[in-house]
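Structure, as structure tokens:
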Amino acid sequence: MKKIVITGPESSGKTTLAHQLAQHLKTQAVEEYAREYLNQLGRPYVEADLEAIAKGQLAQEQAIDEHESGILIIDTSLEVIKIWSEVRFGRVAPWILEALKKYKRDFYLLCQPDLPWEFDPLRENP
């Protein structure tokens, strides 16, 4: 299975692109797990939550990967969680670093914000 990651900063159209690309290629898109996790958290996130988010993201990918063949579109990746952790906490959990070495992707599409930033309670940077 070929894995295509859609990545980039907040409000750069990643989710929209992931859905449109999956529809065009007649495959599935793996949703960004961080959004689901943070919506259910009920408190400000802490450093340990980023590892939980990374594990949840991979679990979603693996669940779809087992039932699909061909191409899988992934809305964000562990690289984003690594950068998020470095910026917010100044370090990265060893599990995330090891997972980055272990789980390889085939292609990355880097989105650039070319549309107005939209407020979202989960976004941190306009």
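The working numbering puts the first residue of the sequence shown at 24, with every later residue one more than the last. We treat Cβ as the ideally placed atom computed from N, Cα and C, and that holds for glycine. Note that this is a predicted model, so its numbers are computed, not measured.
| Asked | Found |
| --- | --- |
| Roughly how many angstroms lie between the CA atoms of V28 and A82, to the nearest whole one? | 15 Å |
| Quick check on DSSP: helix, strand or coil for Y126? | coil |
| Please list, in chain order, all residues of the same chain as K105 whose beta carbon is under 6 Å from its beta carbon, the five residues on each side excluded. | V115, I119 |
| Assign T39 to one of two classes, buried (16 or more other C-beta atoms within 10 Å of its C-beta) or exposed (fewer than that). | exposed |
| Evaluate V53 with the Cβ neighbour count: other Cβ atoms within 10 Å of its Cβ, from every protein chain shown; 16 or more gives buried, anything less gives exposed. | buried |
| Would you grab the beta carbon distance between S100 and R128 for me? Rounded to a whole angstrom, and I think it's under 8 Å. | 7 Å |
| Closest to Q46 by CA distance: which of I97, A77, Y126, I76 is it? | I97 |
| Can the beta-carbon of G31 be found less than 8 Å from the beta-carbon of Y60? | no |
| In the DSSP assignment, the beta strand (DSSP E) including G26 goes from what residue to what residue? | For clarity, residue 26 is Lys in the given sequence; the question names Gly instead. Segment 25-30, the beta strand (DSSP E) holding K26. |
| Can you look up V110 in the DSSP assignment and give me helix, strand or coil? | helix |
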